[in-house]
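Trainee:
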Amino acid sequence: MTPRSSWMHLDLDAFFASVEQKLNPSLIGKPILVGRVDPQGRSVPRGVIATCSYEARVFGCHSGMPLFQALKLCPQAIVVGGHYEEYIKASREVFSICARYAPKIQQIGIDEAFLDFSNTDLIYPSLVDIAKKIQKEIKNEVGITASIGIAASQVVAKVASDFKKPVGLTYVEKGREKIFLSPLPIKDLPGIGVKMEIYFHNLGIKTLGQLASLSRSMIEKFGRVPINLWEAANGIDTLWFEPRSGAKSVSRSETFEKNSNDLKFILAKLQALSEEVGSELRFNGYFGRCVYVTIRYNNFKTFSRQRVLPYPTAITREVYGLGETLLKELWDGYTPLRLVGIGISGFGENTQASLFNTVREKRLELEKRIDGLRERFGQSALVPASVLFLAKRKGAGG
Ligand code: TTP
Ligand code: MG
Numbered sequence: 012m013t014p015r016s017s018w019m020h021l022d023l024d025a026f027f028a029s030v031e032q033k034l035n036p037s038l039i040g041k042p043i044l045v046g047r048v049d050p051q052g053r054s055v056p057r058g059v060i061a062t063c064s065y066e067a068r069v070f071g072c073h074s075g076m077p078l079f080q081a082l083k084l085c086p087q088a089i090v091v092g093g094h095y096e097e098y099i100k101a102s103r104e105v106f107s108i109c110a111r112y113a114p115k116i117q118q119i120g121i122d123e124a125f126l127d128f129s130n131t132d133l134i135y136p137s138l139v140d141i142a143k144k145i146q147k148e149i150k151n152e153v154g155i156t157a158s159i160g161i162a163a164s165q166v167v168a169k170v171a172s173d174f175k176k177p178v179g180l181t182y183v184e185k186g187r188e189k190i191f192l193s194p195l196p197i198k199d200l201p202g203i204g205v206k207m208e209i210y211f212h213n214l215g216i217k218t219l220g221q222l223a224s225l226s227r228s229m230i231e232k233f234g235r236v237p238i239n240l241w242e243a244a245n246g247i248d249t250l251w252f253e254p255r256s257g258a259k260s261v262s263r264s265e266t267f268e269k270n271s272n273d274l275k276f277i278l279a280k281l282q283a284l285s286e287e288v289g290s291e292l293r294f295n296g297y298f299g300r301c302v303y304v305t306i307r308y309n310n311f312k313t314f315s316r317q318r319v320l321p322y323p324t325a326i327t328r329e330v331y332g333l334g335e336t337l338l339k340e341l342w343d344g345y346t347p348l349r350l351v352g353i354g355i356s357g358f359g360e361n362t363q364a365s366l367f368n369t370v371r372e373k374r375l376e377l378e379k380r381i382d383g384l385r386e387r388f389g390q391s392a393l394v395p396a397s398v399l400f401l402a403k404r405k406g407a408g409g
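Per the working numbering, residue 12 is the first one in the sequence shown, and the count goes up by one each step.
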């Protein structure tokens, strides 16, 4: 039997927004923006939205758009706060459903994964049927929807999952890749970013078909254009998605409701953000070495500082510990801040470099157990004392 590669790419639809709709069914069918709300439930017109429901996309709203702009486009939209722990829980449930069928899963983000069905023709004569089953089980058991693309290569499967959203299912037969890609705008190909899109548009190249029809030597002359993007447009499979290459860093930041120069408040925010960063690290099995902190003053001037840990970590306490040091070095201590953020990059193996390994391993295990408890009983089940202080102040800055 000749080896046969078959990939499914699954991407959840309007993921955070769908989870919010599931948690509060009165939001179903309505335009919602996942942004921030104050303790009275009023929307906070600062910061950007993480995502929005498809009902809001009709008005032109999209991920990463400033909240005030999204509200201008769609004034009737309902703004809901993010429940990060619920997203992680839903994501785990989704990928455990995928694992019922897919022999191998390569997760590349919180809401997307490649399912490797290569050489499974004998057990699964129809991958379309399997994809339908997966979609149905996700809908029934998790209460949200997914779009799926099926193709012989990862890149085409990924483009296919995005082809008809939401609740899309697109199968691109082997040999028909080029025909499928041809009419699509070049930005639909992963790897073609905004800059390259402008570059091609200036040359009059708008579709993947136009890109594919250029000669190899012409592409080579462009120099700046990776040849494997042109090959992908031609249906030649040379693009490969490294497992977990989706994330080069994990970070969280928050714009305060009111600017604050209260160190206790700012550190409590930093701790809460570190908890989210740590939990995402552990969820994805990442270990990072380089911690960075960002602050933004009320005049929008933004500063960052980073430092490398002696060993890669996924321990919240270590991320926060270095973060606190960096924040104190970075901030002048009196000018009010508008935003604080923390992140970690430099992912590598969980090397056993320290003499205090067993202590660190135990701490990691403890934090993983806390993740599990939070997943079952909610984020507030176990809250560090400093973050509890935030709850008492109802999230307001000083
Ligand atoms: P995406 O899959 O890019 O978006 P989506 O699932 O909301 O919508 P689509 O139906 O087009 O797939 O991202 C998954 C989640 O990641 C998204 O729900 C929110 C979060 N996210 C951010 O927090 N910031 C961002 O800029 C983006 C793009 C996503
Ligand atoms: Mg998605």
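All C-beta atoms, glycine included, are put in the ideal place defined by N, C-alpha and C. Being a predicted model, the structure only gives us computed values, none of them experimental.
Can you check the stretch 20-79 for any beta strand (DSSP E) of at least 3 residues that lies completely inside it and give the ranges in chain order?
Mentor: As far as the stretch 20-79 is concerned, its whole beta strand (DSSP E) runs of at least 3 residues are 43-46.
Trainee: Is Phe174 helix, strand or coil by DSSP?
Mentor: Your numbering for residue 174 matches position 163 in the sequence shown. Correct three-state label for Phe174: helix.
Trainee: Strictly by DSSP, which residues pair up with Ala163?
Mentor: Here residue 163 corresponds to residue number 152 of the sequence shown, with the count starting at 1. Bridge partners of Ala163: none, in fact.
Trainee: Alpha carbon to alpha carbon, how far is Arg318 from Lys280?
Mentor: The sequence position of residue 318 within the sequence shown is 307, counting from 1. The sequence position of residue 280 within the sequence shown is 269, counting from 1. Cα-Cα distance, rounded: 20 Å.
Trainee: Using a Cβ-based criterion (distance less than 7 Å to any ligand heavy atom), does Lys176 qualify as near ligand 1?
Mentor: The sequence position of residue 176 within the sequence shown is 165, counting from 1. It does: the Cβ of Lys176 is within 7 Å (strictly closer) of some heavy atom of ligand 1.
Trainee: Let's see if you can read the secondary structure: which residues bound the alpha helix (DSSP H) around Gln6?
Mentor: For the chain, the structure presents residues 12 to 409; residue 6 sits outside this window and is missing.
Trainee: Ligand 2 and Leu180: does any heavy atom of the ligand fall closer than 7 Å to the residue's C-beta?
Mentor: Residue numbering aside, residue 180 sits at position 169 when the sequence shown is read from its first letter. For ligand 2, not one heavy atom lies less than 7 Å from the Cβ of Leu180.
Trainee: With H, G and I counted as helix, E and B as strand and the rest as coil, what does DSSP make of Gln221?
Mentor: For this step, residue 221 is matched to residue 210 along the sequence shown. If DSSP states are grouped into helix, strand and coil, Gln221 belongs with the helices.
Trainee: Any chance the CB of Thr62 is under 7 Å from a heavy atom of ligand 1?
Mentor: Indexing the sequence shown from 1 puts residue 62 at position 51. Yes, Cβ of Thr62 sits closer than 7 Å to a heavy atom of ligand 1.
Trainee: Check whether the stretch 79-92 and the stretch 115-135 are in contact - that is, three or more C-beta pairs closer than 8 Å.
Mentor: Contact between the stretch 79-92 and the stretch 115-135 is absent, because fewer than three Cβ pairs lie under 8 Å.
Trainee: In whole angstroms, what is the alpha-carbon distance linking Trp413 and Arg227?
Mentor: This structure leaves residue 413 out entirely; the chain is present only between 12 and 409.
Trainee: Does DSSP put Thr324 in a helix, in a strand, or in coil?
Mentor: By one-based count along the sequence shown, residue 324 stands at place 313. DSSP places Thr324 in strand when its eight states are reduced to three.
Trainee: Starting from the Cα of Pro196, find the closest Cα among Ala223, Val183, Leu180 and give me that residue.
Mentor: Here residue 196 is taken as the residue at index 185 of the sequence shown, counted from 1. Looking at the Cα atoms, Ala223 is the closest of the given residues.
Trainee: Could you work out which residue in Ala28, Pro86, Glu97 is closest to Cys63 when comparing CA atoms only?
Mentor: Here the question's residue 63 lines up with position 52 in the sequence shown. When only C-alpha atoms are compared, the closest one is Ala28.
Trainee: Could you spell out the range, first to last residue, of the beta strand (DSSP E) harbouring Asn270?
Mentor: In the sequence shown, the residue the question calls residue 270 occupies position 259. From DSSP, the beta strand (DSSP E) with Asn270 extends over 260-271.
Trainee: Can you tell me whether DSSP reads Ser158 as helix, strand or coil?
Mentor: Locating residue 158 in the sequence shown gives position 147, counting from the first residue. If DSSP states are grouped into helix, strand and coil, Ser158 belongs with the strands.
Trainee: How many angstroms separate the CA atom of Ala283 from the CA atom of Glu152?
Mentor: Along the sequence shown, one-based indexing puts residue 283 at 272. Along the sequence shown, one-based indexing puts residue 152 at 141. Ala283 and Glu152: Cα-Cα distance of roughly 30 Å.
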